[in-house]
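Chains as they are written, first to last, in the working numbering: chain Z, -13 to 361; chain D, -13 to 361.
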């Protein structure tokens, strides 16, 4: 029973989780393309096992900790999403085995050379893709930087360490309609294929041509020539993704259970025991059409309470009010009542908690699935 | 050696920590007032033991987890800072003993009655203070709400569960000069004394008249009549506190060690392996005179690099650039180089990590002090 839980805590709706996984499964099945889930959102063994069952033994990670904690899930083909720095290679190598391949990403020739040197010195075969930078805002090689692409891929390919190219349409999170997302997805695929072609023309095989973000992976883009789609946050969805337009509010599988501390009539607010330690400081919806403050409020059963949002947070206090300009009324609650808060960004809110309390409409039992953070 | 650490990770400068503790020790010694450190910032046994040595066996906590993890430090008088909800009482009671007192805060009569009922039913004596709300923005009783103050204190006092009044000048974090902070500190003390007087006049003893925040505790306010000062973030300090004016940048004891992934010449940026997972999303300096983005950058030795700040963060990527409008130059760095980033808000950045790497100028060794999160 929810009322037996110590608040604040994280609730995961199992039915919604399963539906969200099925949603992307149906897309990749139709397109006959490999899918590589990003494990950074859940950081959880039980959820990883569900993903392995649907999508096979490949996954993306954002930390070595994820790789180490989740390799017992059956995954044998890890892609590390952050362009590698050489001082991480020896810890990665400890996780290599005959049946577990680990691929990192590189974006400059000096790191590629270090990877080769590491292989020559230790015999540990850490393979790599070239990270592409589609919009010039992060790490990565630009898709038209032919000389760099060929230099890096040749350097790696000579020792059979090269696997292909990887891109991520990060800017898709800033969009809000189907047309723009489709065009962003097309651009992601087109630019990645241009880079892959450049490398293939130089006589080097791109086994992996991997792209993705939750919005572009869910788009209508056909992705011809792409070998693999990636996405992470789709398992839970969140308010930002609903603002982008790729999910409905009632598909969001994650919420924070919270207890009412008191009612402040002076400012028409409900004070709850979830501050930024429980919700995160993410304000990802602040630049979207609908700003949910620090989260949309639901009743104990997860049903939306119209226009009731977390307007401010302190370390352990949340201030819930009716959205400015709305004529909705503050619900009639008393100290001790329970509420649930939908997250702006599932990755950030989940990171504030050490486990998921998995609820299932089919029965009353609550399962505990542990999660972890760290690098 | 710092270069042997796996980045991102948290560095704690032991010399600065000791100086910061001495700074507040000298203030409370002169004023002959009790000091109650807030353990929510560090959440660390070793640091709690240092505080017990300087200030005695009392402390403030923001979670029951802190109380459970830190009671082995020698503390026997815990004050729980968040107004209590009744479903937390039974877990709190498990930690009571003949030599460990736990005091919660209440802000309404129904919770006070529940506390009394809990005592009558179980025999567990959880004492309470009345939380005062100085500015009408959170939970708490208003200092002039005489009827409420007397009703709650009488209800508790009848069963010897009443200890006094507690206030927190949260608005002090928004100030930026000594005069305003002093006036805020005076207001915090004055309003709290008014409430205490109301209760005392009704024949009920206020053993505890406790006030504080890092800025007001460090102010010049004399605090006559107040029994206890509280503060938390002063142990580390941070960029927000430097903006308030109660510390210098070189007093900040906490930083995140990070590795350069690559240099993006297109946008004149250094890309590092610390994103919001390592730095937090706190933007507390955004409304201050100097905005440090997601953190001020230092070199590997902790020396400031002028006007170099983290301008943007993604989950595991930090984007470092020269502050807009500055004529400082991007330092000449290469992939693999180390940097250190000072936090906007020490509590939030520390919460992103599982331990402190404690460095000491006196020697080269690095000690590991664990920390925890959760409720």
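In this text, a Cβ means the ideal position worked out from N, Cα and C, and glycines have one as well.
Run through the segment 72 to 143 of chain Z for me and flag every whole alpha helix (DSSP H) of 4 or more residues, listed as ranges in chain order. 75 to 79, 95 to 108, 132 to 143
Cβ separation of residue 212 (chain D) and residue 175 (chain D), assumed to be a contact under 8 angstroms, to the nearest whole Å: 5 angstroms
May I ask you to verify whether the segment 279 to 291 of chain D touches the segment 53 to 65 of chain Z, counting CB pairs closer than 8 angstroms and requiring at least 3? no
Is residue 45 (chain D) near residue 75 (chain D), with beta carbons less than 7 angstroms apart? no
Is the segment 207 to 221 of chain Z in contact with the segment 18 to 34 of chain Z, if contact means three or more CB pairs nearer than 8 angstroms? yes
Would you tell me roughly how many angstroms separate the C-alpha atoms of residue 350 (chain Z) and residue 341 (chain Z), rounded to the nearest one? 18 angstroms
Inter-residue Cα distance where the pair is residue 94 (chain Z) and residue 238 (chain Z): 38 angstroms
Can you give the beta carbon distance from residue 36 (chain D) to residue 336 (chain D), rounded, assuming they're within the 8 angstroms contact cut? About 15 angstroms separates the two Cβ atoms, so there is no contact after all.
With a threshold of 7 angstroms between beta carbons, is residue 347 (chain Z) in contact with chain D? no
Taking 7 angstroms as the limit between beta carbons, can you name the residues of its chain near residue 100 (chain Z), skipping five residues before and five after? 72
Does residue 228 (chain Z) come out as helix, strand or coil in the three-state DSSP assignment? helix
7 angstroms is my cut-off, CB to CB: does residue 360 (chain Z) come that close to chain D? yes
What are the residues in the segment 120 to 133 of chain D lying within 7 angstroms of chain Z by C-beta distance? 122, 123, 124, 125
Answer yes if the segment 225 to 235 of chain D comes into contact with the segment 153 to 166 of chain D, meaning at least three C-beta pairs across the two stretches below 8 angstroms, and no otherwise. yes
Is the Cβ of residue 267 (chain Z) closer than 7 angstroms to any Cβ of chain D? yes
Report buried or exposed for residue -13 (chain D), applying the criterion of at least 16 other Cβ atoms within 10 angstroms of its Cβ. exposed
Neighbourhood of residue 222 (chain D) by C-beta, 6 angstroms cutoff - its chain only, sequence neighbours within 5 removed: 239, 240, 332
Would a check of beta-carbon distances place residue 301 (chain Z) closer than 7 angstroms to chain D? yes
Chain-order list of residues whose beta-carbon lies under 6 angstroms from that of residue 55 (chain Z) (same chain, five-residue window excluded): 358
Which parts of the segment 189 to 245 of chain Z are runs of the alpha helix (DSSP H), unbroken and 4 residues or longer, counting only runs that do not cross its ends? 200 to 203, 225 to 230
Under the three-state DSSP convention, the category residue 179 (chain D) falls into: helix
My guess is that residue 265 (chain Z) and residue 299 (chain Z) are in contact by the Cβ rule of under 8 angstroms, so how many angstroms apart are they, rounded? 6 angstroms
Residue interval of the beta strand (DSSP E) (run including residue 150 (chain Z)): 148 to 152
Chain-ordered chain D contacts of residue 322 (chain Z) [CB-CB under 7 angstroms]: 71, 72, 73
Cβ closer than 7 angstroms: which chain Z residues qualify as neighbours of residue -6 (chain D)? 361
Please report whether the beta-carbon of residue 242 (chain D) lies at a distance below 7 angstroms from any beta-carbon of chain Z. no
Could you have a look at residue 41 (chain Z) and say whether DSSP puts it in helix, strand or coil? helix
Buried versus exposed, by CB contacts within 10 Å (16 or more), residue 189 (chain Z): exposed
So the alpha helix (DSSP H) residue 355 (chain Z) belongs to, where does it begin and stop? Taken as a continuous stretch (DSSP letters only), residue 355 (chain Z) belongs to no alpha helix (DSSP H), being part of the beta strand (DSSP E) at 349 to 356.
Is residue 162 (chain D) helix, strand or coil by DSSP? coil
Does chain D have any CB closer than 7 angstroms to the CB of residue 48 (chain Z)? yes
State yes or no: is the beta carbon of residue 257 (chain D) nearer than 7 angstroms to at least one beta carbon in chain Z? yes
Closer than 7 angstroms to chain D by CB, residue 90 (chain Z): no
Check residue 255 (chain Z) in the structure and name its three-state DSSP category. strand
To the nearest angstrom, how far is it from the Cα of residue 187 (chain D) to the Cα of residue 310 (chain Z)? 42 angstroms
Taking Cβ positions only, does residue 6 (chain Z) come closer than 7 angstroms to chain D? no
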